[in-house]
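Colleague: Residue numbers (the working numbering): 38 to 254. Glycine included, every Cβ here is placed at the ideal spot set by N, Cα and C.
1) Is the number of C-beta pairs between the segment 57 to 65 and the segment 207 to 219 that are closer than 8 Å three or more?
2) Just confirm the distance between the C-beta atoms of residue 2 and residue 71, as a whole number of angstroms; I'd bet it's less than 8 Å.
3) Measuring CB to CB, does residue 99 end up less than 7 Å from residue 209?
4) Which of helix, strand or coil does DSSP assign to residue 41?
5) Label residue 189 either buried or exposed according to how many other C-beta atoms from any shown protein chain fall within 10 Å of its C-beta, with 16 as the threshold for buried.
6) Alpha carbon to alpha carbon, how far is residue 223 from residue 87? Give it in angstroms, no decimals.
7) Excluding the 5 residues preceding and the 5 following residue 106 in the sequence, name in chain order all residues of the same chain whose CB lies nearer than 6 Å to its CB.
8) Tell me, to the nearest whole angstrom, how far the beta carbon of residue 182 is from that of residue 206; I am working on the premise that it is less than 8 Å.
9) Quick one: is residue 49 buried, meaning 16 or more other Cβ sit within 10 Å of its Cβ, or exposed?
10) Can you list, in chain order, the residues of its chain with a C-beta nearer than 7 Å to that of residue 93? Leave out the 5 residues immediately preceding and following it.
11) Could you please give me the residues that DSSP links to residue 209 through a beta bridge?
12) Mind listing, in chain order, the continuous beta strand (DSSP E) runs of no fewer than 3 residues lying wholly within the segment 139 to 163?
13) Give the straight-line distance between the Cα atoms of residue 176 and residue 58, rounded to the nearest whole angstrom.
14) Below 8 Å, can you find three or more Cβ-Cβ pairs linking the segment 161 to 170 to the segment 131 to 145?
15) Please report the residue range of the beta strand (DSSP E) in which residue 115 lies.
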């Protein structure tokens, strides 16, 4: 007789083998497992934080998280990355310039902030930030980077970071949490549900392109 716990353990599915037309019909628990995984803050220090841009509603929590890491002494530099322009209180401004302005308002010194103003996607965030790191410090001086983004964006961002950034640089993550983007509350709004469904689609694409390990759920 097969042990029931063992059967449950072995019954996990793989994201690569899940048909595209079945992704939206996964249970909430399955979706949470795919998008959030088993993340926890590792508490490590790094030379640089990569602060990823987003829409104006989601950026402030990320900015506060990056500033927190700086003032706790866990990072030396913050690369504010993102070239998409938004209307913020009547001013058209790029993600990176908006984040740099807010970081300065929080008291982060300007010489600790690097503005990367070209990236339009998460993949480009990593590519353009890598070039910024090379120009700012030189890659030989960088042992670790911390990616700062929303919880529902972290797994994909880290996968892209680990694929694009040289293997000798450790890539870890820091979730800039809020209820709307958390594992516990993403089901509360239609907007968050749509974001999670899109993340699953994009994660499946990375898995199928061999840009990250397969995800079991």
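Modeller: According to the structure shown:
1) no
2) A query on residue 2 cannot be resolved here, the shown segment of the chain reaching from 38 to 254 and no further.
3) no
4) The pLDDT assigned to residue 41 is 47, lower than 50, so where the model puts this residue is not dependable, and the model offers no usable value.
5) buried
6) 24 Å
7) 86, 112
8) 6 Å
9) exposed
10) 123, 125
11) 183
12) 150 to 153
13) 42 Å
14) no
15) For residue 115, the uninterrupted beta strand (DSSP E) segment begins and ends at 114 to 118.
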